[in-house]
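Working notes for the structure below.
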Amino acid sequence: MDANESPFLTSRSGATWYFNILGGTKRRGAWKMPQDMRVLGPLGGANLDLCEAGLPEHPVLTKISLIGGCSLRVPQDVEIEVEGFRLFGGVRIEPATGPTTRKLKVREYSLVGGVHVVRG
1 MDANESPFLT
11 SRSGATWYFN
21 ILGGTKRRGA
31 WKMPQDMRVL
41 GPLGGANLDL
51 CEAGLPEHPV
61 LTKISLIGGC
71 SLRVPQDVEI
81 EVEGFRLFGG
91 VRIEPATGPT
101 TRKLKVREYS
111 LVGGVHVVRG
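Under my numbering, the sequence shown has 114 at position 114, and the numbering climbs by one with no breaks.
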C-alpha cells in the first residue's frame with residue numbers, strides 16, 4: 001500500500017477498512033495509524049512497519065483473511081496483545097528490551113496465517 005493510498009471505507013464508528021482481493025496491505029515510513037484499523041482480504045495479510053508511524057492512544061489492528069498473516073515491526077516501547085483465531089499458524093513476538101509504555105491490540109482471524117512481531 002502506498003503511503004498516499006486512502007482506505008477502502010471509514011465507518012461511522014471510526015473503523016478504517018483496507019480491502020484487497022489478492023495481495024496484502026503494506027505500510028512503512030511515516031504514516032498515521034488509525035485508532036481502529038481493519039484489514040480484510042481473502043488472500044493476503046498485513047505487513048506494517050510502525051516504527052515511524054504515529055500511533056494513537058489504544059490502537060487496535062484487526063486482520064481478517066482466509067490465507068495470510070500479520071507481520072509487524074514495532075518500536076521497543078510497544079506492548080503487543082494478540083487475540084483471534086488461526087487454524088494453521090502461530091504467534092511469535094520478539095520481547096521488548098526495556099519497559100513498554102504503549103499497547104497495540106492485534107486481532108487476527110484466518111485459516112492459514114499467524115502473527116509475527118519484530119522490534120525495530
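Cβ coordinates follow ideal geometry from the N, Cα and C atoms, glycine included.
Does DSSP classify residue i as helix, strand or coil?
| i | result |
| --- | --- |
| E52 | coil |
| D77 | coil |
| W17 | strand |
| M37 | strand |
Please report the residue range of the beta strand (DSSP E) in which residue i lies.
| i | result |
| --- | --- |
| T100 | Careful: T100 lies outside any beta strand (DSSP E) and carries neither H nor E. |
| R92 | V91 to I93 |
For residue i, count neighbouring C-beta atoms within 10 Å of its own C-beta (all shown protein chains included) and say buried if the count is 16 or more, exposed if not.
| i | result |
| --- | --- |
| V118 | exposed |
| S65 | buried |
| R27 | buried |
Output needed for residue i: all residues of its chain with C-beta closer than 8 Å, excluding positions within five of it in sequence on either side, in chain order.
| i | result |
| --- | --- |
| S11 | W17 |
| P99 | D77 |
For residue i, which residues of its own chain have a beta-carbon under 6 Å away from its beta-carbon, when the five flanking residues on both sides are left out?
| i | result |
| --- | --- |
| L22 | L43 |
Cβ contact check for the region 83-101 and the region 27-41: 3 or more pairs under 8 Å: With contact defined as three or more Cβ pairs closer than 8 Å, the region 83-101 and the region 27-41 are not in contact.
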